[in-house]
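Undergrad: Residue numbers (the working numbering): 2 to 913.
Just passing along the structure, written as structure tokens.
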Amino acid sequence: MEVVLLDTTTVLGELDWKTYPVNGWDAITEMDEQNRPIHTFQVCHVMEPNQNNWLRSGWIQRQAAQRVYVELRFTLRDCNSIPWVSGTCKETFNLFYLQTDEPLAAGTRFRPADYAKVDTIAADESFTQTDLGDRVLRLNTEVREVGPVTQKGFYLAFQDVGACIALVSVKVFYKRCPSTLRNLAEFPDTVPHMDSSSLVEVRGACVENAEERDTPKLYCGADGDWLVPLGRCVCSIGHEEKDGYCLACKPGFFKAYAGNTKCSKCPAHSSSHDQAATICHCDKGFFRAIRDPSTMACTRPPSAPRNLASVINDTALFLQWMPPGDTGGRKDITYNILCQRCDGSEGDSGVTQCEPCETELRFIPRPLGLTGTSVAILDFAMHTNYTFHVEAVNGVSGQALSARSLANVTVNTHQAGPVLVGVVRKDWASQNSIALSWSDVELPPSDIVDYEVKYFEKEQEQLSYSSTRTKTPSVVVTGLRPSTVYVFHVRARTAAGYTAYSPNFEFATAAEDPDIADQGQVLVVVTASVGGFSLLVILTLFLLITGRNALCAGHVLYSCVVTAAFKPCILVSFLICMLYCVFCLLVPFSGIKTYVDPDTYEDPTQAVEEFAKEIDPSYICIERVIGAGRPIMIVVEYMENGALDSFLRTRDGQFTVLQLVGMLRGIAVGMTYLSEMGYVHRDLAARNILVDASLVCKVSDFGMSRVLEDDTEAAYTATGGKIPIRWTAPEAIAYGKFSSASDVWSYAIVMWEVMSYGERPYWEMSNQDVILSMEEGYRLPAPMGCPVTLHQLMLHCWQKEPSQRPRFTDVLSFLDKLIINPSSLLTLVNEEMPDYPLFISIGDWLDSIKMSQYKNNFLAAGYTTLDSISTMSIDDIRRIGVCLIGHQRRIISSIQSLRLQLHHIQQSGFQV
2 MEVVLLDTTT
12 VLGELDWKTY
22 PVNGWDAITE
32 MDEQNRPIHT
42 FQVCHVMEPN
52 QNNWLRSGWI
62 QRQAAQRVYV
72 ELRFTLRDCN
82 SIPWVSGTCK
92 ETFNLFYLQT
102 DEPLAAGTRF
112 RPADYAKVDT
122 IAADESFTQT
132 DLGDRVLRLN
142 TEVREVGPVT
152 QKGFYLAFQD
162 VGACIALVSV
172 KVFYKRCPST
182 LRNLAEFPDT
192 VPHMDSSSLV
202 EVRGACVENA
212 EERDTPKLYC
222 GADGDWLVPL
232 GRCVCSIGHE
242 EKDGYCLACK
252 PGFFKAYAGN
262 TKCSKCPAHS
272 SSHDQAATIC
282 HCDKGFFRAI
292 RDPSTMACTR
302 PPSAPRNLAS
312 VINDTALFLQ
322 WMPPGDTGGR
332 KDITYNILCQ
342 RCDGSEGDSG
352 VTQCEPCETE
362 LRFIPRPLGL
372 TGTSVAILDF
382 AMHTNYTFHV
392 EAVNGVSGQA
402 LSARSLANVT
412 VNTHQAGPVL
422 VGVVRKDWAS
432 QNSIALSWSD
442 VELPPSDIVD
452 YEVKYFEKEQ
462 EQLSYSSTRT
472 KTPSVVVTGL
482 RPSTVYVFHV
492 RARTAAGYTA
502 YSPNFEFATA
512 AEDPDIADQG
522 QVLVVVTASV
532 GGFSLLVILT
542 LFLLITGRNA
552 LCAGHVLYSC
562 VVTAAFKPCI
572 LVSFLICMLY
582 CVFCLLVPFS
592 GIKTYVDPDT
602 YEDPTQAVEE
612 FAKEIDPSYI
622 CIERVIGAGR
632 PIMIVVEYME
642 NGALDSFLRT
652 RDGQFTVLQL
662 VGMLRGIAVG
672 MTYLSEMGYV
682 HRDLAARNIL
692 VDASLVCKVS
702 DFGMSRVLED
712 DTEAAYTATG
722 GKIPIRWTAP
732 EAIAYGKFSS
742 ASDVWSYAIV
752 MWEVMSYGER
762 PYWEMSNQDV
772 ILSMEEGYRL
782 PAPMGCPVTL
792 HQLMLHCWQK
802 EPSQRPRFTD
812 VLSFLDKLII
822 NPSSLLTLVN
832 EEMPDYPLFI
842 SIGDWLDSIK
852 MSQYKNNFLA
862 AGYTTLDSIS
872 TMSIDDIRRI
882 GVCLIGHQRR
892 IISSIQSLRL
902 QLHHIQQSGF
912 QV
């Protein structure tokens with residue numbers, strides 16, 4: 002933006018400029034067609050030698066300028082077109098300036114030596130005598146920079162040394178970056194620095210009802226234009242962005258988290274009556290659970306379960322029901338089983354006496370918190386009336402004051418079979434078996450067919466059991482573990498069916514004899530050792546005779562014998578090793594090597610000759626020589642589409658997002674292979690990715706690659722040399738530490754290049770500005786049309802700590818999930834959706850909401866991950882020591898926003 006200090010075309014009165022000498026320059030004032038004065042200064046003393054004519058402007062205040070510009074519009078006559086002109090004719094004039102803090106006093110003597118020269122001004126086009134006749138004069142425009150100006154004002158002076166000039170107009174101005182509104186931040190008028198090559202950093206102030214997400218900055222350039230926007234402000238809760246400002250949400254709308262999203266309409270069964278609402282309150286009879294996000298509709302408790310029915314057999318009672326007809330608008334329905342036992346007697350009030358009975362019964366799987374619609378009940382008493390209540394609850398049942406949602410059923414156990422078996426006795430026990438016997442306590446209604454004995458280990462789940470049958474009232478249970486307590490119960494089977502089980506009886510097996518175990522182990526060791534040694538001797542003799550594959554079989558055989566001798570429990574493995582030795586002996590190696598390690602060769606060319614297939618040079622056609630060195634050629638795959646960056650730039654917008662993800666997957670496959678082989682690329686960029694005719698991308702240009710010996714997690718320390726700043730991780734720029742994690746950073750830059758169709762990372766920012774921006778936490782924004790899942794992956798790869806970045810195997814797995822589920826690529830960053838930062842740790846999250854003083858409170862209470870804090874309630878916040886109500890509200894509001902962020906990320910298949 003230009004700020005004009007003087008423009009002679011707009012001055013209505015006299016200019017009052019001075020000429021030295023008086024008869025040098027002539028001031029001519031004419032009126033244009035709008036009756037505005039035109040101030041012109043002319044001089045044309047070309048016939049006389051030694052001309053030195055000066056024209057000085059009035060005093061010009063510099064205002065805020067540090068460097069000013071002078072625009073001169075003038076005509077100049079060609080000396081060759083002037084007849085009889087002497088050799089002293091000139092076609093240039095000079096520009097000078099003088100700085101002062103106050104205007105010069107009237108009558109001050111003009112001293113040319115006080116003025117500093119700016120430049121000699123020449124005309125691009127001059128006019129001739131013919132032009133005067135046709136009245137077509139060629140107007141020249143020249144602009145010169147003056148400065149730096151440090152005092153309050155200055156004068157301009159024009160020196161004529163013998164030219165024919167008409168100075169038509171003079172404009173003096175300086176440049177400044179005008180006040181502007183960017184990213185919901187206001188930036189004031191800013192004057193560039195005197196050094197035209199440097200930028201002025203300006204911090205912005207968030208507009209009303211907005212808050213900083215990252216410190217907003219702009220850079221003022223020397224030409225008065227704003228450059229390199231960094232950081233941003235976002236609208237606070239209850240406000241939305243409109244026309245660059247944050248306006249309050251209208252009644253009926255709300256916004257529960259800070260961000261540049263629109264206010265949302267109140268969910269079903271809720272409303273807001275005031276402006277700037279941060280939450281919509283539930284209508285009467287509807288509720289919202291503590292962990293429900295504010296965007297969720299208000300709900301109510303469910304109705305009672307339907308069609309409750311009971312089925313009883315000899316030993317078990319089954320309850321079944323159907324879900325409620327009205328779920329209350331929620332899916333988190335669970336069921337509780339409540340039980341009452343009524344003995345049939347009546348109290349003083351005439352009401353049947355009942356008492357809770359849950360502790361007497363065994364519910365499978367459990368009595369409370371059931372997600373299914375059935376339950377099995379065991380260990381009930383015979384000839385008893387039970388009343389069971391099945392309650393349906395959901396996340397808001399505890400907030401409602403209405404009656405509980407119950408379905409009832411009364412069951413009597415008269416139909417259950419009698420307990421026929423009495424006391425079960427242990428006759429004897431060994432390490433692996435127990436002998437049992439029992440007697441009948443009552444006569445059966447018909448003959449007993451057989452008995453069933455059910456048993457299980459006491460320490461195990463009761464549903465995991467074994468059983469056996471016997472026709473007599475005794476049995477020997479075998480296959481048990483030594484020193485273990487087992488639970489037994491017995492029932493009889495008659496022609497009418499099974500009776501009830503007897504009570505539980507607990508019996509233990511005998512302990513294991515250590516002497517017998519040791520003898521068995523010694524026997525196995527001795528047998529394996531003698532047998533192995535004998536076989537070793539026999540095979541060794543055979544090897545000495547045959548001389549074939551002795552190294553292979555001998556080494557394996559020795560390992561097998563040692564292993565079997567000291568670990569007799571894996572005797573089978575020993576036999577497998579022996580079979581492998583026989584294979585080594587009978588199947589000699591053919592001499593074909595699957596891999597040649599060049600490090601084992603003194604001469605690398607020998608390794609190349611053994612490893613590579615040689616092609617006759619006559620088959621190679623050299624089209625162009627691009628360098629010189631050793632004359633060995635390597636034939637590699639031809640990639641028809643060349644480098645990825647230039648390929649994308651010439652095809653902007655021609656591919657689907659899924660095709661672009663496919664390209665990224667090819668690069669990830671290559672980098673996964675390199676990282677697993679222990680290599681670090683160090684120069685991963687789109688320019689070093691080649692594309693074939695099928696859009697398959699492959700990694701190339703390994704000029705900067707290095708191997709990480711023996712440890713893929715190690716780092717390579719580089720000294721000296723050039724580094725591609727825009728693609729390089731911060732630790733590699735600062736300390737020269739390159740690792741697979743730094744390649745992951747570079748890969749995310751390549752992702753950004755691909756999604757922006759080859760745009761230059763960080764645009765026109767200098768390398769130093771890129772480094773400073775990265776240190777301040779700035780990360781590249783999502784390119785236009787980029788899916789949010791891909792930008793989240795970029796941000797995850799751009800974490801400052803290398804250990805917190807994903808590995809290439811993780812990146813490849815994530816891209817495969819996106820390709821399998823293309824719907825996850827439909828949500829774009831520039832669509833209307835929540836815009837949350839990707840917090841990495843509890844500390845980052847608390848810093849972002851300016852609550853870092855509570856970091857130790859969270860860590861001491863065991864909240865160390867984002868998942869753990871996302872489940873916190875207001876009571877949890879108070880319990881860890883956050884006492885101020887304002888701080889409690891700020892933290893719980895941020896947790897609600899974080900829940901939505903985590904939910905969105907997890908839906909995309911990405912794990913934080």
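Beta carbons: idealized from backbone N, C-alpha and C, even for Gly.
What you are looking at is a predicted structure, and each value in this text was computed from that prediction instead of being measured.
So within the region 457 to 505, which uninterrupted beta strand (DSSP E) runs reach at least 3 residues, ignoring any that extend past its ends?
TA: 467 to 471, 475 to 478, 486 to 495
Undergrad: Report the residue from A257, H240, A259, G260 whose alpha carbon sits nearest the alpha carbon of K251.
TA: By 1-based counting over the sequence shown, the position of residue 251 is 250. Nearest option by C-alpha distance: H240.
Undergrad: Would you please state the rounded distance, in angstroms, between the beta carbons of Y21 and F174? I believe it to be under 8 Å.
TA: Within the sequence shown, numbered from 1, the residue matching residue 21 stands at position 20. Within the sequence shown, numbered from 1, the residue matching residue 174 stands at position 173. Rounded, the Cβ-Cβ distance is 26 Å, inconsistent with contact.
Undergrad: Taking the C-alpha atoms as reference points, what is the distance between Q100 and T151?
TA: Here residue 100 corresponds to residue number 99 of the sequence shown, with the count starting at 1. Here residue 151 corresponds to residue number 150 of the sequence shown, with the count starting at 1. The C-alpha of T151 is placed about 8 Å away from the C-alpha of Q100.
Undergrad: Quick one: give me the first and last residue of the alpha helix (DSSP H) that I122 is part of.
TA: Taking the first residue of the sequence shown as 1, we reach residue 122 at position 121. I122: not part of any alpha helix (DSSP H); member of the beta strand (DSSP E) spanning 117 to 123, first to last residue.
Undergrad: Nearest-angstrom Cα distance between S265 and P325?
TA: As a position in the sequence shown, residue 265 is number 264, starting the count at 1. As a position in the sequence shown, residue 325 is number 324, starting the count at 1. S265 and P325: Cα-Cα distance of roughly 31 Å.
Undergrad: Are the region 58 to 66 and the region 76 to 84 in contact at 8 Å, needing three or more beta carbon pairs?
TA: No: fewer than three Cβ pairs fall under 8 Å.
Undergrad: Which partner residues of T300 appear in the DSSP bridge assignment?
TA: Counted from its first residue, the sequence shown places residue 300 at position 299. In DSSP, T300 forms a bridge with F288.
Undergrad: Would you grab the beta carbon distance between L73 and I122 for me? Rounded to a whole angstrom, and I think it's under 8 Å.
TA: Position 72 of the sequence shown, counted from the start, is the residue given in the question as residue 73. Position 121 of the sequence shown, counted from the start, is the residue given in the question as residue 122. With 8 Å as the limit, L73 and I122 qualify as a contact, their Cβ atoms being about 6 Å apart.
Undergrad: Since D275 is in the alpha helix (DSSP H), which residue starts that stretch and which ends it?
TA: Against the sequence shown, residue 275 aligns to sequence position 274. Membership of D275 in any alpha helix (DSSP H) is not indicated, and neither H nor E is assigned to it by DSSP.
Undergrad: In angstroms with no decimal places, state the Cα-to-Cα distance between D190 and R177.
TA: The residue given as residue 190 occupies position 189 in the sequence shown. The residue given as residue 177 occupies position 176 in the sequence shown. Just so you know, the alpha carbons of D190 and R177 end up roughly 7 Å apart.
Undergrad: Please return the same chain residues whose Cβ sits closer than 6 Å to the Cβ of V5, not counting the five positions on each side in sequence.
TA: Position 4 of the sequence shown, counted from the first residue, corresponds to residue 5. Answer for V5: F174, listed in chain order.
Undergrad: I'd like the list of long-range same chain contacts for F928, defined as Cβ closer than 6 Å, with 5 residues on each side in sequence excluded.
TA: Outside the modelled stretch of the chain, which goes from 2 to 913, sits residue 928, for which no answer is possible.
Undergrad: Give the straight-line distance between the Cα atoms of W728 and G759, rounded to the nearest whole angstrom.
TA: Against the sequence shown, residue 728 aligns to sequence position 727. Against the sequence shown, residue 759 aligns to sequence position 758. W728 and G759: Cα-Cα distance of roughly 13 Å.
Undergrad: Expressed to the nearest angstrom, what Euclidean distance is found between the alpha-carbon atoms of V162 and Q43?
TA: What you label residue 162 is simply residue 161 of the sequence shown in a count that begins at 1. What you label residue 43 is simply residue 42 of the sequence shown in a count that begins at 1. The straight-line gap from Cα to Cα measures roughly 13 Å.
Undergrad: Per the contact definition of three or more C-beta pairs closer than 8 Å, is the region 298 to 305 in contact with the region 396 to 407?
TA: yes
Undergrad: With DSSP collapsed to three states, give me the class of L402.
TA: Counting from 1 along the sequence shown, the entry for residue 402 is found at position 401. Coil, per DSSP.
Undergrad: Are the Cβ atoms of M873 and I896 separated by less than 9 Å?
TA: Along the sequence shown, read from residue 1 onward, the residue named residue 873 stands at position 872. Along the sequence shown, read from residue 1 onward, the residue named residue 896 stands at position 895. For M873 and I896, yes; Cβs fall inside 9 Å.
Undergrad: Based on the DSSP secondary-structure assignment, which residues constitute the bridge partners of N95?
TA: In the sequence shown, the residue the question calls residue 95 occupies position 94. Paired residue(s): T121, Q160.
Undergrad: Suppose you measure from the CA of D848 to the CA of P782; what does that come to, to the nearest Å?
TA: Within the sequence shown, numbered from 1, the residue matching residue 848 stands at position 847. Within the sequence shown, numbered from 1, the residue matching residue 782 stands at position 781. Rounded to whole angstroms, the separation of the alpha carbons of P782 and D848 is 21 Å.
Undergrad: Tell me whether G370 is buried or exposed, calling it buried when 16 or more other Cβ atoms sit within 10 Å of its Cβ.
TA: One-based indexing of the sequence shown puts residue 370 at position 369. G370 is exposed by the Cβ-count criterion.
Undergrad: Indicate the three-state DSSP secondary structure (helix, strand or coil) for E776 in the structure shown.
TA: Working through the sequence shown from its first residue, we reach residue 776 at position 775. Three-state DSSP puts E776 in a helix.
Undergrad: Nearest CA to the CA of E212: which residue from L675, P179, N261?
TA: Here the question's residue 212 lines up with position 211 in the sequence shown. Nearest option by C-alpha distance: N261.
Undergrad: Taking F652 as the reference, give the member of K614, R631, L696, A686 with the closest Cα.
TA: Reading the sequence shown from its first residue, position 651 is the one you call residue 652. The amino acid occupying residue 652 in the given sequence is Arg; Phe does not appear at that position. The candidate whose alpha carbon is nearest that of R652 is L696.
Undergrad: Nearest-angstrom Cα distance between C247 and A269?
TA: Along the sequence shown, one-based indexing puts residue 247 at 246. Along the sequence shown, one-based indexing puts residue 269 at 268. Taking the straight line joining both Cα atoms gives about 26 Å.
Undergrad: Please determine, among N413, F288, Y98, the residue with the shortest C-alpha to C-alpha distance to R331.
TA: Translated into positions along the sequence shown, residue 331 becomes position 330. Scanning N413, F288, Y98 for the CA closest to the CA of R331 turns up F288.
Undergrad: Quick test of the definition: if touching needs 3 or more C-beta pairs under 8 Å, does the region 652 to 671 touch the region 682 to 696?
TA: yes
Undergrad: Can you list, in chain order, the residues of its chain whose CB lies under 6 Å from that of Y779, leaving out five sequence neighbours each side?
TA: The residue labelled residue 779 in the question sits at position 778 within the sequence shown. Cβ within range, chain order: L231.
Undergrad: Hey, is L228's beta-carbon within less than 9 Å of any beta-carbon in chain C?
TA: The question asks about chain C, but that chain is absent: this structure has only one protein chain.
Undergrad: Going by Cα to Cα distance, which pick from S273, C234, Q64 is closest to V192?
TA: Along the sequence shown, one-based indexing puts residue 192 at 191. For V192, the nearest C-alpha among the options comes from Q64.
Undergrad: Could you please give the first and the last residue of the uninterrupted beta strand (DSSP E) stretch that includes N141?
TA: What you label residue 141 is simply residue 140 of the sequence shown in a count that begins at 1. Its beta strand (DSSP E) spans residues 141 to 147.
Undergrad: Using the three-state DSSP reduction, which class does W85 fall into: helix, strand or coil?
TA: On the sequence shown, residue 85 is found 84 positions in, with the first residue counted as 1. Of the three classes helix, strand and coil, the one that applies to W85 here is coil, per DSSP.
Undergrad: Contact defined as beta carbons within less than 8 Å: I believe D744 pairs with L685. What is the distance between those atoms, to the nearest angstrom?
TA: Here residue 744 refers to the residue found at position 743 of the sequence shown. Here residue 685 refers to the residue found at position 684 of the sequence shown. Indeed they touch by this definition, with Cβ atoms about 6 Å apart.
Undergrad: Which residue or residues does DSSP assign as beta-bridge partners of P38?
TA: Counting from 1 along the sequence shown, the entry for residue 38 is found at position 37. Residue pairing by DSSP places P38 opposite M32 in a beta bridge.
Undergrad: How far does the alpha helix (DSSP H) with Q321 in it reach, from first residue to last?
TA: Along the sequence shown, read from residue 1 onward, the residue named residue 321 stands at position 320. Run containing Q321: none in the alpha helix (DSSP H); it sits in the beta strand (DSSP E), 318 to 323.
Undergrad: Between Y855 and I893, is the Cβ-Cβ spacing less than 9 Å?
TA: In the sequence shown, residue 855 corresponds to position 854, counting from 1. In the sequence shown, residue 893 corresponds to position 892, counting from 1. Cβ distance not < 9 Å, so Y855 and I893 don't count as in contact.
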